[in-house]
Structures are given as structure tokens and as C-alpha cells.
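**Student:** Residue 31 is where the sequence shown starts when you use the working numbering, and the numbers rise one by one after that.
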Amino acid sequence: MKKLRKRIGVLTGGGDCPGLNAVLRAIVKTAQNDFGVEVIGFKDGYEGLIENRFLEIDSRNVSGILARGGTILGTSNRADPFKYPVLQNDDYVYLDRSTQAVRNFESLGLDVLIAIGGDGTMAASAAMARKGLPIVGVPKTIDNDLVGTDVTFGFDSAVVTATEAIDKIHTTAQSHHRVMIVEVMGRYAGWLALYSGLAGGGDIILMPEFPYDIEGVCDAVRTRNAQGKTFSIVVVGEGAKPLGGEMVVARKVKTSPDAIRLGGVSHQVASQIEGLTNIECRVTILGHLLRGGSPTAFDRILATRFGVAAVHMADRGEYGRLVVLRHGQMDSAALDEVAGKLRLVTVDHEMIHTALSLGLCLGNPSDVPFADFYAEQEERQSS
Ligand code: F6P
Numbered sequence: 031m032k033k034l035r036k037r038i039g040v041l042t043g044g045g046d047c048p049g050l051n052a053v054l055r056a057i058v059k060t061a062q063n064d065f066g067v068e069v070i071g072f073k074d075g076y077e078g079l080i081e082n083r084f085l086e087i088d089s090r091n092v093s094g095i096l097a098r099g100g101t102i103l104g105t106s107n108r109a110d111p112f113k114y115p116v117l118q119n120d121d122y123v124y125l126d127r128s129t130q131a132v133r134n135f136e137s138l139g140l141d142v143l144i145a146i147g148g149d150g151t152m153a154a155s156a157a158m159a160r161k162g163l164p165i166v167g168v169p170k171t172i173d174n175d176l177v178g179t180d181v182t183f184g185f186d187s188a189v190v191t192a193t194e195a196i197d198k199i200h201t202t203a204q205s206h207h208r209v210m211i212v213e214v215m216g217r218y219a220g221w222l223a224l225y226s227g228l229a230g231g232g233d234i235i236l237m238p239e240f241p242y243d244i245e246g247v248c249d250a251v252r253t254r255n256a257q258g259k260t261f262s263i264v265v266v267g268e269g270a271k272p273l274g275g276e277m278v279v280a281r282k283v284k285t286s287p288d289a290i291r292l293g294g295v296s297h298q299v300a301s302q303i304e305g306l307t308n309i310e311c312r313v314t315i316l317g318h319l320l321r322g323g324s325p326t327a328f329d330r331i332l333a334t335r336f337g338v339a340a341v342h343m344a345d346r347g348e349y350g351r352l353v354v355l356r357h358g359q360m361d362s363a364a365l366d367e368v369a370g371k372l373r374l375v376t377v378d379h380e381m382i383h384t385a386l387s388l389g390l391c392l393g394n395p396s397d398v399p400f401a402d403f404y405a406e407q408e409e410r411q412s413s
């Protein structure tokens, strides 16, 4: 039996990224064309559902937004309905507003809530689904760290922006014979560093998953110089850390479910390389630039497919699940299986082997953690 009868509620939560508006447009068009139902958009993620702030979105306000970055609904990464920050006497107290969220949902006569977001939004959505709210999730994030889906929209656009930046930085690196360090976002996952490092022809890629040995990094720079390549490009994920060391925390946002904001490790890397090699280094931190701008064609299409599929899942009553991409096809996964987990780069990933076969330095000498790869490479060379 068809579940979509009246209205769909939708929200965008967590950090913005290119493609959010493309999903909203797809949801509104599919709701109208395939089911003849209305769409209500909550403002600023779960904040809007809790505080009953919303707007009706129809074909007029989604017209022309396919190529626009950000989200017309606004977003928030500090709106967990179960631990909602409320300012009292100059300090925050955390209240459970999940029942209020359910009440607002019901009073608007909604059939389903489509929650577009990253791991924080999916964790909150999984908990709201357990509370009985009919929810369908849509995965987004430039970090590409959500489990269950091959890729999230937003990632490709961020990779393209980072790659263009690395391309441009190459010219100064070459002209001045410098080591140029480019820091990209990605939080605890190195996907953005790995992809943009490969696409931009980086020489050294440092990812959070593989703590780096600064001596190994300097050796790679020296080796390149000895080969006559008098510059190096180091692409650093913001969560990268030295062997035995910690990630660099730029700030703490105490009202956010994950308070840690990373950033600045590239300054450490630069001063160490400069100190150990005497080669001039410069740092560029790309930061929020990677979340902005128009989505790539890939992200527009993925976001559109996700939006259409999410509305159809809602009509089939497939609640408590999120739409995912698996082997190129639309599929779904349980919110509970995704919430609270991160998809990180693993040592056996084909892209790691690709980088090592190209002779890139991933921050380590031959012992840890790529020992098997190097041993096999050596065996092939000697046979
Ligand atoms: O999750 C997306 C992301 O851009 C991360 O790559 C980054 O660590 C974080 O959000 C930054 O968050 P904020 O916008 O709160 O500084």
C-alpha cells in the first residue's frame, strides 16, 4: 500500500556541501510528479524540526538550484534532538527535545522525514527512528566516511576543488624549488587527501589512518631532490598525526555532538621538513573552500538519484534506512548499521596500492604499515 499520502518533511543537517540543493530539488520534483504530495523543508537541520521552523518548498523555490552550492534550508551541526543545547545563565544545558520533534512532525501531518546529512545526522536519525519517527536518510559529506555507501555526494566536488588548488600550487613549487604543503579537510578519514593527492600529482600524502614518520617524509623529499626534482608537493589530511603523536585540534565546539575541529597539522609538518632538510616550505590550508561552490556533474547526478530513490523508499515504507550507492546501483542500508561508524582508508585498499606503485610516499618508511606491499614489490624486482 502506498505510504505517501500528504506531505514529506525534509531537512539538511551537518556541514554543508555541494549537492544538497540538488537532492532537495529531486525530492520536490519526485514528490509532485510521481506522488502528488507536498514537501515541507525544516530550517537548519534538526533545529527546525525541534523549534517548528519550516517553509513549504515547491517547484518555484527549487527552480534554478541544481547548480547552487550550500542548502536553501540552512543547516546545523549542533542539533542532536536528544542532547539539544539550550543557553541558560550564560552556559549551555543539554535537553532531550526528541518528543517535541515528534510532536511537531505529527502536527504538520507528515508521512515521512527525509534527513540529508553525514554521520552526526544519521546517528540522530537512527535514534529518532527507534523512537518511532518514519525516517529515510540520504548520505552527504565531503569526507566520504559514511559506511554502507560506496560514495557520498559532495566528495567528488571537494576532490575537484582540491585538485585544482594542488595544480595551481605546483607552479610555485617548481619555480621556487620549495616543498609546498596543502592541507585538506576530511576529519578522521583520508579519502579527500588520497584522491586529491593522486589527482593533483602529489608526491607525499599524509592520512589520519597511517601515522607519519617525519624522517620517512624528509627522505622522500631528499630522494626527489637527488633525482633532480627540486620541489615536492605534500598533501595532508587535517587528521594526519605523527607516529606516537596526536591529531592537531584547532578548536572545540562544545555544543556539537563531535566537539573536535581539526586543522593546522601542516604547519607542524612544514617546520619539521624545513628544519630537517633546509628546504623552504610553505603551507596552504584549503579548509571550507572545499565545501563551497557548484557541485560537479557527478555529484549533481548522484544527489539527484539519491533524492528520487529516497522518495520512492518513503512510499514503500522503507523507514529507518538510508539510500546508498552500491556497485553503481541505488540500494539501501539500515540507519542503525551506519550510525556511529566511520568508513576509513584501509591499508589493503586498491587506491593505496595504486599510490605505492607510483612511488608516492604515504608517510612511512618500508616497515609499517605497508610492509607487505614493499616486500612483494622487492620480490617482483629481484625475480
Ligand atoms: O564533515 C565535514 C567537515 O568539513 C570536515 O571535513 C571538517 O573537519 C568539519 O566538517 C569542519 O566543521 P566546521 O564547519 O564546524 O568547522
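Heads up, the beta-carbon is just placed ideally off N, CA and C, and yes, glycines get one too. Since the model is a prediction, treat every value here as computed from it, not as a measurement.
Of all the options Ala-61, Ile-146 and Asp-121, which has the alpha carbon lying nearest to the alpha carbon of Lys-73?
**Tutor:** Working through the sequence shown from its first residue, we reach residue 73 at position 43. The option with the nearest alpha carbon to Lys-73 is Ile-146.
**Student:** Report yes if the CB atom of Val-53 is closer than 8 Å to the CB atom of Val-69, and no otherwise.
**Tutor:** Mapped onto the sequence shown, residue 53 falls at position 23. Mapped onto the sequence shown, residue 69 falls at position 39. The answer is no: Cβ separation not under 8 Å.
**Student:** According to DSSP, simplified to helix, strand and coil, what is Val-181?
**Tutor:** Position 151 of the sequence shown, counting from 1, holds the residue named residue 181. Val-181: coil per DSSP, three-state reduction.
**Student:** Using 7 Å as the cut-off, classify the Cβ of Asn-174 as near or not near the heavy atoms of the ligand F6P, replying yes or no.
**Tutor:** Here residue 174 refers to the residue found at position 144 when the sequence shown is read from its first residue. Checking the Cβ of Asn-174 against the ligand F6P gives no.
**Student:** For Ala-154, count the other beta carbons within 10 Å of its own beta carbon; 16 or more makes it buried, fewer makes it exposed. Which is it?
**Tutor:** Stepping through the sequence shown from its first residue, residue 154 is reached at position 124. It is buried - the Cβ of Ala-154 has at least 16 other Cβ atoms within 10 Å.
**Student:** Looking at Leu-292 and the ligand F6P, is the gap between the Cβ and the nearest heavy atom below 7 Å?
**Tutor:** Counting from one through the sequence shown, the residue named residue 292 turns up at place 262. Checking every heavy atom of the ligand F6P against the Cβ of Leu-292, one is found closer than 7 Å.
**Student:** With DSSP collapsed to three states, give me the class of Glu-68.
**Tutor:** Here residue 68 corresponds to residue number 38 of the sequence shown, with the count starting at 1. Glu-68 falls in the strand class under three-state DSSP.
**Student:** On the CB-based measure, 16 or more other CB atoms within 10 Å of its CB, does Glu-367 come out buried or exposed?
**Tutor:** Within the sequence shown, numbered from 1, the residue matching residue 367 stands at position 337. Exposed.
**Student:** Which runs of the alpha helix (DSSP H) fall wholly inside the region 353 to 385 and span at least 4 residues, in chain order?
**Tutor:** With a minimum length of 4 residues, the continuous alpha helix (DSSP H) runs that stay inside the region 353 to 385 are 365 to 368.
**Student:** Is it the case that the Cβ atoms of Gly-75 and Thr-151 are separated by a distance below 8 Å?
**Tutor:** For the purposes of this step, residue 75 is taken as residue 45 along the sequence shown, with counting starting at 1. For the purposes of this step, residue 151 is taken as residue 121 along the sequence shown, with counting starting at 1. Going by C-beta atoms, Gly-75 is nearer than 8 Å to Thr-151.
**Student:** Taking the beta strand (DSSP E) that Val-278 falls in, what are its first and last residues?
**Tutor:** Here residue 278 refers to the residue found at position 248 of the sequence shown. It is not in any beta strand (DSSP E) - Val-278 carries neither H nor E in the DSSP assignment.
**Student:** Going by beta-carbon coordinates alone, are Val-354 and Thr-60 separated by less than 8 Å?
**Tutor:** For this step, residue 354 is matched to residue 324 along the sequence shown. For this step, residue 60 is matched to residue 30 along the sequence shown. Taking 8 Å as the Cβ cut-off, Val-354 and Thr-60 do not qualify as a contacting pair.
**Student:** Output yes or no for whether 8 Å exceeds the beta carbon distance between Thr-171 and Cys-248.
**Tutor:** As a working note, residue 171 is residue 141 in the sequence shown. As a working note, residue 248 is residue 218 in the sequence shown. Taking 8 Å as the Cβ cut-off, Thr-171 and Cys-248 do not qualify as a contacting pair.
**Student:** Compute the beta-carbon to beta-carbon distance between Asp-339 and Met-360, rounded to the nearest angstrom, for a pair I have assumed lies under 8 Å.
**Tutor:** As a working mapping, residue 339 is identified with position 309 in the sequence shown. As a working mapping, residue 360 is identified with position 330 in the sequence shown. First, the amino acid is wrong: residue 339 is Ala here, not Asp. Contact holds; Cβ gap of about 4 Å.
**Student:** For the region 34 to 47 against the region 138 to 145, are there 3 or more C-beta pairs whose distance is under 8 Å?
**Tutor:** Yes, the region 34 to 47 touches the region 138 to 145.
**Student:** Based on DSSP bridge pairs, tell me the residues matched to Tyr-114.
**Tutor:** Taking the first residue of the sequence shown as 1, we reach residue 114 at position 84. Answer by DSSP bridge pairing, in chain order: Leu-125.
**Student:** Can you check the region 128 to 212 for any beta strand (DSSP E) of at least 3 residues that lies completely inside it and give the ranges in chain order?
**Tutor:** You should have 142 to 147 and 165 to 169.
**Student:** Using CA coordinates, which residue listed in Leu-41, His-357, Glu-348 and Val-377 is at the minimum distance from Ala-364?
**Tutor:** Translated into positions along the sequence shown, residue 364 becomes position 334. That would be Glu-348, whose Cα lies nearest to the Cα of Ala-364.
**Student:** Check whether the Cβ of Met-215 lies closer than 7 Å to any heavy atom of the ligand MG, and answer yes or no.
**Tutor:** By its list of ligands, the structure shown excludes the ligand MG, since it contains just the ligand F6P.
**Student:** Glu-268: beta carbon under 7 Å from a heavy atom of the ligand F6P?
**Tutor:** The residue labelled residue 268 in the question sits at position 238 within the sequence shown. Result yes, Cβ under 7 Å from the ligand F6P.
**Student:** Tell me whether Glu-408 is buried or exposed, calling it buried when 16 or more other Cβ atoms sit within 10 Å of its Cβ.
**Tutor:** As a position in the sequence shown, residue 408 is number 378, starting the count at 1. With fewer than 16 Cβ atoms within 10 Å of its Cβ, Glu-408 is classed as exposed.
**Student:** Give me whichever residues DSSP pairs with Phe-28 in a beta bridge.
**Tutor:** With the chain covering 31 to 413 only, the question about residue 28 has no answer from this structure.
**Student:** If you run the structure through DSSP and keep just helix, strand and coil, what is Thr-260?
**Tutor:** Counting from 1 along the sequence shown, the entry for residue 260 is found at position 230. Reduced to three states, the DSSP call for Thr-260 is coil.
**Student:** On a Cα-Cα basis, can you pick out the residue from Gly-104, Ala-300 and Val-168 that is closest to Leu-236?
**Tutor:** Taking the sequence shown and counting its residues from 1, one reaches residue 236 at position 206. It is Ala-300.
**Student:** Just to check, is the beta-carbon of Val-209 closer than 7 Å to a non-hydrogen atom of the ligand F6P?
**Tutor:** Here residue 209 refers to the residue found at position 179 of the sequence shown. No, the Cβ of Val-209 stays beyond 7 Å of every heavy atom of the ligand F6P.
**Student:** So the alpha helix (DSSP H) Val-299 belongs to, where does it begin and stop?
**Tutor:** Within the sequence shown, numbered from 1, the residue matching residue 299 stands at position 269. Its alpha helix (DSSP H) spans residues 295 to 307.
**Student:** For Asn-63 and Asp-88, what's the separation of their Cα atoms in angstroms?
**Tutor:** Stepping through the sequence shown from its first residue, residue 63 is reached at position 33. Stepping through the sequence shown from its first residue, residue 88 is reached at position 58. For Asn-63 and Asp-88, the distance between alpha carbons rounds to 11 Å.
**Student:** Using 8 Å as the cut-off, can you tell me whether the region 186 to 196 makes contact with the region 382 to 394, which would need three or more C-beta pairs spanning the two stretches below that distance?
**Tutor:** With a cut-off of 8 Å, the region 382 to 394 and the region 186 to 196 do not count as touching, because too few Cβ pairs lie within range.
**Student:** Taking Phe-261 and Ala-223 to be in contact with their CB atoms under 8 Å, please state how far apart those CB atoms are, rounded to whole angstroms.
**Tutor:** Translated into the one-based positions of the sequence shown, residue 261 becomes position 231. Translated into the one-based positions of the sequence shown, residue 223 becomes position 193. With a Cβ gap of about 19 Å, Phe-261 and Ala-223 do not count as contacting.
**Student:** Heavy atom of the ligand F6P less than 7 Å from the Cβ of Thr-384, yes or no?
**Tutor:** Taking the sequence shown and counting its residues from 1, one reaches residue 384 at position 354. No, the ligand F6P has no heavy atom inside 7 Å of this Cβ.
**Student:** Val-168: beta carbon under 7 Å from a heavy atom of the ligand F6P?
**Tutor:** On the sequence shown, residue 168 is found 138 positions in, with the first residue counted as 1. No.
**Student:** Output needed for Tyr-124: all residues of its chain with C-beta closer than 7 Å, excluding positions within five of it in sequence on either side, in chain order.
**Tutor:** Position 94 of the sequence shown, counting from 1, holds the residue named residue 124. Once the five neighbours on either side are set aside, the close Cβ partners of Tyr-124 are Lys-113, Tyr-114 and Pro-115.
**Student:** Along the chain, where does the beta strand (DSSP E) containing Leu-224 start, and where does it finish?
**Tutor:** For the purposes of this step, residue 224 is taken as residue 194 along the sequence shown, with counting starting at 1. It is not in any beta strand (DSSP E) - Leu-224 instead sits in the alpha helix (DSSP H) that spans 221 to 229.
**Student:** According to DSSP, what are the bridge partners of Thr-42?
**Tutor:** Position 12 of the sequence shown, counting from 1, holds the residue named residue 42. Its beta-bridge partners are Ile-146.
**Student:** Sorted by chain position, which residues of the same chain lie with C-beta nearer than 6 Å to Gly-104's C-beta, five sequence neighbours on each side aside?
**Tutor:** As a working note, residue 104 is residue 74 in the sequence shown. Excluding sequence neighbours, Gly-104 sits near Lys-73 and Asp-74.
**Student:** Per DSSP, Tyr-242 is paired with what?
**Tutor:** Locating residue 242 in the sequence shown gives position 212, where the first residue counts as 1. Partner(s): Pro-272.
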